[in-house]
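Quick note on my numbering: the sequence shown kicks off at 1 and runs consecutively. Note that CB positions come from ideal geometry on N, CA and C, so glycine has one too. Since we're looking at a predicted model, the values are computed, not measured. See below for the structure under consideration.
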Amino acid sequence: MKRVFSEENRLQCLLDVEAALARAHATLGNIPTDAAQVISDNANTSTVTVQRVEQIENEIRHDIMALVKAMSEQCGESGKYIHLGATSNDIIDTANGLQLMAASEIIRASLAGLRDSLLEKAKKHRDTVMVGRTHGQFAVPLTFGLKMAVYALEFQRHIERLSQGRERFCVGKMLGAVGTGASLDGKALQIQDIVMKDLGLFKVEACTQLVGRDRYIELIGLMANISTTVEKVGTEIRNLQRPEIMEAAEAFDAAKQVGSSTMAHKRNPITSENVCGLARIVRGFLLPTMENNILWHERDLCNSSAERFTLAHSLVLADDILVKLAGVIDNLAVYPDNMRRNLLASGGLIMAEPVMMVLTKFGMGRQEAHELVRSCSMKVSAGKSDFRQALLDEPGISELLNPDQLDAALDPDNYLGLSTQLVDDAVEKYLGK
């Protein structure tokens, strides 16, 4: 991803656009074919170097004209056809499209890799029962596999959002200074079609001097959305690694890794913490990206300096945290024995709902069953009884359920619903695709 946004590759994308423009002119008979060939042959960073473009820009203080002059130096007589009929942002925004197309492919691959890592964990732990938690409190059982599958499906939705959005943010334009195409002598739409097909980009239907920055809001908004999911998963791992829970934890090299400069026992979830922190930076780029869409008339230059940070940094960081989180998931230590220990720690209270549901099957009204089970639960919380005994001591319950039926209702393994089926469905549909 850093290579995509390097100065060298940025220059190459700009050169590619100028060369595609020249070829489009030649296709329509506006310039000689051999001139377009000369321009194309010299549109590379070995011939037109970053250093030479920067040297010229330092003199004339205009980046695209510096590019044009540096290309013209190498193209001889053919140089007079470079940038014909174009405005700077025809070149800049179309080069952006090339970079965003490449970046989106990298993001998609990283999303798919993380999705698959989560699905592999889901598959492995489809039957690993653990406590479900709501409001930070014990709820009802689920499987660790289902937890992983839910996260995997969220990343799958991000893949779909990315695929759906590419036609809106991987775009270019060739419509001149204010979007009228006047400088291209009535052939602007033809030239735009040819250039975008040549470069493999989508085209705008209409614009001002700039491609509409709502497109970049959508892209960076998606990166912010992705970063939020990354932080959500990272936060869950950090919580599960707490010593009083310790149901899952980042891998730790006990032979060499150091957790603290003073507390020698520490095994900190440092990568999960790292991705959580960087996710916040990714989301921070969304506000300036939104403000970059608010420009004077057909354009001003406020967006330009900001976009040199927002586009590159948000995509680099988004890819970074996706790859890091995939590494955490691949090497995640999972502790089923601790999950079972925590299941038992409630003394059966997490099975209040299944007891209530069994009572309704035996003819008790739902509201009455809820109140009876709630009342028994409160006795347990007050330390007056254990849950099983409190239920057996309640006449309204013991009259309907014998001890064996009650024990079956109190077994977490009997109340997993569709957990395994949901995992299997997700693995079958997406793993490896």
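Between the CA atoms of residue j and residue i - distance to the nearest angstrom
i	j	result
Arg-238	Pro-141	20 Å
Ala-109	Glu-353	42 Å
Glu-231	Thr-49	40 Å
Leu-418	His-370	23 Å
Ile-350	Leu-343	8 Å
Met-71	His-62	14 Å
Glu-73	Thr-47	10 Å
Leu-219	Thr-228	14 Å
Lys-429	Val-233	22 Å
Asp-90	Leu-175	7 Å
Ala-22	Pro-288	34 Å
Arg-168	Arg-215	6 Å
Gly-212	Ile-107	22 Å
Arg-267	Glu-273	12 Å
Gly-259	Cys-276	18 Å
Glu-236	Trp-296	44 Å
Gly-348	Thr-420	22 Å
Leu-392	Pro-403	7 Å
Short Cβ contact (8 Å threshold) for residue i with residue j
i	j	result
Val-38	Cys-13	no
Lys-173	Gln-192	yes
Thr-33	Leu-11	no
Val-334	Ala-254	no
Leu-431	Leu-119	yes
Leu-332	Glu-250	yes
Phe-138	Ser-346	yes
Met-378	Leu-400	no
Val-129	Asp-337	no
Ile-329	Ser-117	yes
Which listed residue (the options) has its alpha carbon closest to that of residue i
i	options	result
Ile-82	Arg-10, Asn-402, Leu-15 and Glu-105	Leu-15
Met-101	Ser-78, Leu-315, Gly-145 and Leu-325	Leu-315
Ser-398	Gly-97, Phe-362 and Pro-412	Phe-362
Leu-222	Ala-206, Val-258, Ala-103 and Gly-145	Ala-103
Glu-298	Gly-179, Ser-40, Cys-170 and Thr-87	Gly-179
Gly-327	Ser-375, Phe-252 and Glu-291	Phe-252
Asp-127	Glu-368, Ala-206 and Arg-340	Arg-340
Ala-35	Ile-60, Val-68, Glu-18 and Glu-77	Glu-77
Gly-396	Gly-165, Val-358, Asp-411 and Thr-262	Val-358
Ile-194	Thr-94, Asn-303, Ile-329 and Val-150	Thr-94
Glu-291	Ser-304, Lys-2, Pro-269 and Gln-367	Ser-304
Gly-284	Phe-309, Asp-300, Asn-268 and Val-150	Phe-309
Arg-133	Ser-117, Ile-245, Ile-329 and Ala-149	Ile-245
Leu-311	Val-282, Leu-295 and Asp-300	Val-282
Glu-205	Ala-279, Ile-217 and Gly-181	Gly-181
Gly-136	Asn-58, Ala-177 and Leu-240	Leu-240
Arg-161	Thr-271, Val-131 and Asn-225	Asn-225
Ile-269	Pro-243, Arg-280 and Asn-293	Before going on, a small fix: residue 269 reads as Pro here, not Ile. Ranking the options by Cα distance to Pro-269, first place goes to Pro-243.
Nearest-angstrom Cβ-Cβ length linking residue i and residue j, presumed shorter than 8 Å
i	j	result
Leu-435	Gly-85	The requested residue 435 is not part of the displayed model; the chain covers only 1 to 433.
Leu-199	Ala-20	5 Å
Lys-203	Val-171	6 Å
Lys-123	Val-427	5 Å
Ile-56	Ala-43	Not a contact, Cβ separation roughly 16 Å.
Val-380	Met-356	Contact doesn't hold; Cβ gap of about 15 Å is too wide.
Arg-115	Phe-155	4 Å
4-residue-minimum alpha helix (DSSP H) runs that sit fully inside the region 354 to 424, ordered along the chain
As far as the region 354 to 424 is concerned, its whole alpha helix (DSSP H) runs of at least 4 residues are 366 to 381, 387 to 393, 395 to 398 and 403 to 409.
Restricting to runs no shorter than 3 residues, where is the beta strand (DSSP E) found entirely within the region 163 to 200?
none
At 4 residues or longer, and completely inside the region 201 to 283: list those alpha helix (DSSP H) runs for me, N to C.
Counting whole runs of 4 or more residues, the region 201 to 283 contains the alpha helix (DSSP H) stretches 214 to 240.
Could you give the uninterrupted runs of the alpha helix (DSSP H) lying entirely in the region 12 to 43, keeping only those of 4 residues or more?
33 to 41
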